[in-house]
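Under our numbering, the residues of the sequence shown are numbered -9 to 150, in order.
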Amino acid sequence: MKVIYPGSFDPLTYGHIDIIERCLERFDDVVVAVLNNQLKKGLFSVSERIELIKNHYKNNSKLKIVSFEGLLVDFCKREQIQIVVRGIRNIQDFEFESQLARLNKALYHDMETFFLFSESEFSYVSSSFIKDIASFGGDVSKFVPQNVEKALENKYRGGK
């Protein structure tokens, strides 16, 4: 069974990794789809985000890392993917994601959304918070892998 885990991954966090790992344990093929949102300027470019994810997951034949823009349902139709996996950290995530799942279902009847609840140690971790901490020189090593920590350091302090 093939599933897609879409997101901005700006940057990749241990929360994202937890969801990806659980997908890899349960599904035959996992597509991590990095959103190229022209309306939002990310800290990392789409190609940088893909590279950060690829560097963390070297040589995993079950994992495909791609970018997409536009509607997720259109991408899923083209790629013949019917299951979307979304991580849920809290009730606010659930409210937003359940509305999005219903909207996606209305646009693509064959699409199903599977919710995976974050492990408690990741329930407060968000890419936005991590970028805030890193921008002030804080320690983000508990929240992101070493390659991402280094990339954040390079973005905010020029690698110093």
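Quick reminder that beta carbons are idealized off the backbone N, C-alpha and C, glycines included.
Bear in mind that the values here come from a model prediction, so they are computed numbers and not experimental data.
Counting the other CB atoms within 10 Å of its CB gives Ile81 a total below 16, which places it among the exposed residues. Taken in chain order, the complete beta strand (DSSP E) segments of 3 residues or longer contained in the region 4 to 31 are 19 to 25.
Inclusion of Ala124 and Leu106 in the CB contact set at 8 Å is not warranted, their separation being larger than that value. 8 Å or more divides the Cβ of Leu90 from the Cβ of Pro(-4). Per DSSP, Tyr(-5) is one residue of the beta strand (DSSP E) stretching across -8 to -3. Judged by DSSP secondary structure, Glu143 falls within the alpha helix (DSSP H) whose first and last residues are 136 to 147. C-alpha of Gly148 to C-alpha of Gly77: approximately 32 Å in a straight line.
Assignment of beta-bridge partners to Val75 by DSSP yields Phe104. Secondary structure at Lys52: coil, using DSSP grouped into helix, strand and coil. Listed in chain order, the non-local C-beta contacts of Lys(-8) below 6 Å within the same chain comprise Asp19, Ile71, local neighbours out to five positions each way being set aside.
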